[in-house]
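Each step along the sequence shown adds one to the number in the UniProt record's numbering, with nothing skipped, and position 185 is 185. The structure appears below as structure tokens.
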Amino acid sequence: MSHVLPPTIDSAAANHWQMAAPAESPWLHEEVASRMQQRLDWIVKPPEQWCHWEPVRGGMQAHHLLRERYPQAECTIYEPVARREAVAQDKLGSRWWQLSRWKGAAVQMGAPADASMDMLWANMLLHTAADPQTLIEGWHKALKVDGYVMFSCLGPDTVQQLHRLYAELGWGPAGHTFTDMHDWGDMLVHSGFAEPVMDMERITLTFATPQRLLQELRELGRNLHPGRFAGLRGRGWKAELLQKMAERWADKQPDGQLSLTFEIVYGHAYKPQPKLRLEANSAVSLEDMKAMLKQPRNTGLR
């Protein structure tokens, strides 16, 4: 289980989307981040250092809300794609004239150092990761002992209206299958996290026209299923799709608007004290030994 992938995903396409995704935060991502922030009310002890993992897509408005929640905390922004890193530096980075820079809470850019973060925040990212297990292991590595990860992603009941339409028309898969929240919990434990807390909710959006619905989906992602149509779709196919959506959409409101449902998965887990397996000859890293000699953990949860 060292490299667990989502049920169906084309890793090459996922990596391409990672590089090509627009340098902006979709509305749904901002909304989910706002809801995920409410879960921080459960945390008693605020972080002294925290990392915002890919905030440009995850929610730039949400980043400002997090900074307001933890004004004294040092923040590290990690954006692995140069184009979005430049946007993050411009929109979210600390400037010399900003008061926060002189209060010791300036924003740092770049990958977090090992065992340096009290909190890692990653919004609406995992469901498009080519290798999510490795990504989760990277989060674990960045956190201090007793540090915690807060993340969200799409679940398997997402946009089932579109999947049903594609199946009805014989067009193959409309997108890859998203991972169930219980499987995310297993992957967290496998990566070294403890006591994962997983929950989900459904958000239903309505759209006045098929065109507006497709625009929203294009902002959110791409079809990453390995069995998707291999070629380029033409204008005729798009016109037919829009027509079929208008005529045969599964959840159409009385006023003609089209409903589209998203399953949102939320996850939280902490990094426990490392466990030492004693044998006849045991080797322990200096970092693990220091962690084990600390006082008993305090999760900071109410």
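Beta carbons: idealized from backbone N, C-alpha and C, even for Gly.
Q) Can you give, in chain order, each stretch of the beta strand (DSSP E) that sits fully within the segment 152-209 and has at least 3 residues? A) 194-207
Q: Would you mind reading off the limits of the beta strand (DSSP E) that contains E74?
A: 74-78
Q) Helix or strand or just coil, what does DSSP make of L232? A) coil
**Q.** Cβ-based neighbour list, P132, same chain, cut-off 6 Å, excluding 5 preceding and 5 following
**A.** Cβ within range, chain order: L126.
Q. Got a sec? Which residues, its chain only, sit under 6 Å from D114 by beta carbon, not counting five neighbours each side?
A. K141
Q. For E48, which three-state DSSP category applies?
A. E48: coil per DSSP, three-state reduction.
Q: Could you say if the segment 176-183 and the segment 202-216 meet the contact criterion of at least three C-beta pairs nearer than 8 Å?
A: no
Q: Please classify D255: does DSSP put it in a helix, a strand, or coil?
A: coil
Q: Using the Cα positions of S116 and E79, report the straight-line distance between them to the nearest angstrom.
A: 17 Å
Q. Distance, Cα to Cα, W121 vs G267?
A. 10 Å
Q: Could you tell me whether the segment 41-52 touches the segment 231-248, where touching means 3 or more Cβ pairs closer than 8 Å?
A: no
Q: Could you tell me whether the Cβ atoms of P274 and H225 are closer together than 7 Å?
A: no
Q.
Using only CA atoms, which one of V81, P272, E31, V56 lies nearest to A189?
A. The sequence shown places Val at residue 189, rather than the Ala named in the question. Selected option, being the one with the closest Cα: P272.
Q. What's the gap between the Cα of H64 and the Cα of E24?
A. 15 Å
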